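K.L.:
So the sequence lines, in the order shown, correspond to chains V and D.
Residues in the first sequence are numbered consecutively from 1, following the numbering used here.
Residues in the second sequence are numbered consecutively from 105, following the numbering used here.
For glycine and all other residues, C-beta sits at the position ideal for the given N, C-alpha and C.
Owing to the predicted nature of the structure, the values given are computational and were not obtained by experimental measurement.
Protein chains: 2
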Amino acid sequence: MDDHIYDMAESLKLLADKTRLTIIALLKEQELCVCDITEITGMSQPNASQHLRKLKAAGVVNESRRGQWVYYSLNTTNKPYMECIYEHLPSMKEKISALKGSCC
Amino acid sequence: MDDHIYDMAESLKLLADKTRLTIIALLKEQELCVCDITEITGMSQPNASQHLRKLKAAGVVNESRRGQWVYYSLNTTNKPYMECIYEHLPSMKEKISALKGSCC
DNA sequence: TGATTATATAATTGATTAATTATATATTTA
DNA sequence: TAAATATATAATTAATCAATTATATAATCA
Chain V
1 MDDHIYDMAE
11 SLKLLADKTR
21 LTIIALLKEQ
31 ELCVCDITEI
41 TGMSQPNASQ
51 HLRKLKAAGV
61 VNESRRGQWV
71 YYSLNTTNKP
81 YMECIYEHLP
91 SMKEKISALK
101 GSCC
Chain D
105 MDDHIYDMAE
115 SLKLLADKTR
125 LTIIALLKEQ
135 ELCVCDITEI
145 TGMSQPNASQ
155 HLRKLKAAGV
165 VNESRRGQWV
175 YYSLNTTNKP
185 YMECIYEHLP
195 SMKEKISALK
205 GSCC
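1) Could you pull the DSSP bridge partners for Leu99/V from this structure?
2) Using the three-state DSSP reduction, which class does Ser169/V fall into: helix, strand or coil?
3) Output, in sequence order along the chain, the residues in the stretch 10 to 29 of chain V whose CB is closer than 7 Å to any CB in chain D.
4) Among residues of its own chain, excluding the 5 on either side of Asn204/D, which ones have a beta-carbon nearer than 8 Å to its beta-carbon?
5) Note the first and the last residue of the continuous beta strand (DSSP E) segment covering Tyr71/V.
6) One question on the structure: do Val164/D and Leu118/D come within less than 8 Å of each other, judged by their Cβ atoms?
7) State the start and end residues of the unbroken alpha helix (DSSP H) segment that holds Thr41/V.
8) Taking the straight line between their C-alpha atoms, what separation do you get for Glu10/V and Met82/V?
9) Name the residue from Lys197/D, Val138/D, Gln154/D and Ser206/D whose alpha carbon lies nearest to the alpha carbon of Ser168/D.
10) Just to confirm the assignment, what range does the alpha helix (DSSP H) spanning His4/V have?
11) Would Leu74/V pass as a contact of Lys18/V if the rule is Cβ separation under 8 Å?
12) Keeping to the same chain, check which residues put their C-beta closer than 6 Å to that of Ala162/D; ignore five residues upstream and five downstream.
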């Protein structure tokens with residue numbers, strides 16, 4: 001019971017960050033590569049990479065390399081207590097459709 | 105949309121802490137005073153007080169003073185995206201029933 | 001009123017962590 | 001194979017934050 005609370009707290013720490021929550025909101029719409037995420041958000045590439053690594057380590061996102069590009073997608077089946085958070089994220093459709101896609 | 109994500113991240117930071125999550129799990133069972141919480145968890149009184157203050161400032165818990173004692177209760181209606189978290193907290197019934205209640 | 005109990009606040013300390021800068025690895029293409 | 005592009009990792013720095021210690025406030029009771 002104590003372990004469960006500890007695990008929940010550790011998982012929630014991952015979501016309790018503006019940058020990672022933005023990445024999650026984007027990936028909820030569709031899978032994206034790192035360069036898409038940096039273009040949409042304006043964050044640096046190393047910064048995006050580090051946050052994605054943490055999310056992947058916790059099983060929140062899945063990774064798949066295709067050629068030069070590494071695509072990330074959201075794994076919504078991972079933690080049931082995260083569902084209501086995913087559900088209440090704002091839509092990122094507009095930001096994604098504004099993608100120039102100059103990298104991939 | 106950016107503001108919403110920022111607000112969500114700030115709110116989630118409150119829950120992303122083992123100590124506060126434990127307090128929330130306890131208050132989900134029933135309202136408790138500060139001395140109950142310190143007795144059940146073994147945390148220090150100033151520590152409990154500080155965490156409760158943060159939770160109250162965010163509207164996560166309600167406060168009511170009755171005599172010497174200040175009772176806290178969980179405000180589950182506050183943030184809809186926290187519902188699934190509250191739902192998946194482990195039961196604290198056993199710990200609460202083991203209360204000696206030597207303070208209040 | 002003075003002592004006791006319950007709770008809150010303030011100051012300090014140590015640990016955690018996000019972002020940046022610099023560099024390394026991996027894949028593709030000329 | 002060399003150059004270019006995409007991504008990852010490492011090291012550093014600055015900021016945030018939890019817990020402790022010490023002290024203050026508030027309510028009750030003798």
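P.N.:
Reading from the atomic positions:
1) Answer is none; Leu99/V lacks a bridge partner.
2) Within the shown structure, residues of chain V are numbered from 1 to 104, placing residue 169/V beyond reach of any answer.
3) For the stretch 10 to 29 of chain V, which is checked against every Cβ of chain D, the residues closer than 7 Å are Leu12, Lys13, Leu15, Ala16, Asp17, Lys18, Leu21, Thr22 and Ala25.
4) Here the sequence assigns Lys to residue 204/D, which means Asn is not the residue at that position. Once the five neighbours on either side are set aside, the close Cβ partners of Lys204/D are Glu143.
5) Trp69 to Leu74 is the extent of the beta strand (DSSP E) around Tyr71/V.
6) Taking 8 Å as the Cβ cut-off, Val164/D and Leu118/D qualify as a contacting pair.
7) Run containing Thr41/V: Val34 to Thr41, per the alpha helix (DSSP H) assignment.
8) Roughly 12 Å between the two C-alpha positions.
9) Closest option to Ser168/D, Cα to Cα, is Val138/D.
10) Run containing His4/V: Asp2 to Leu15, per the alpha helix (DSSP H) assignment.
11) Not closer than 8 Å, so no.
12) Excluding its 5 nearest sequence neighbours in each direction, Ala162/D has C-beta neighbours in its own chain below 6 Å: Leu118, listed in chain order.
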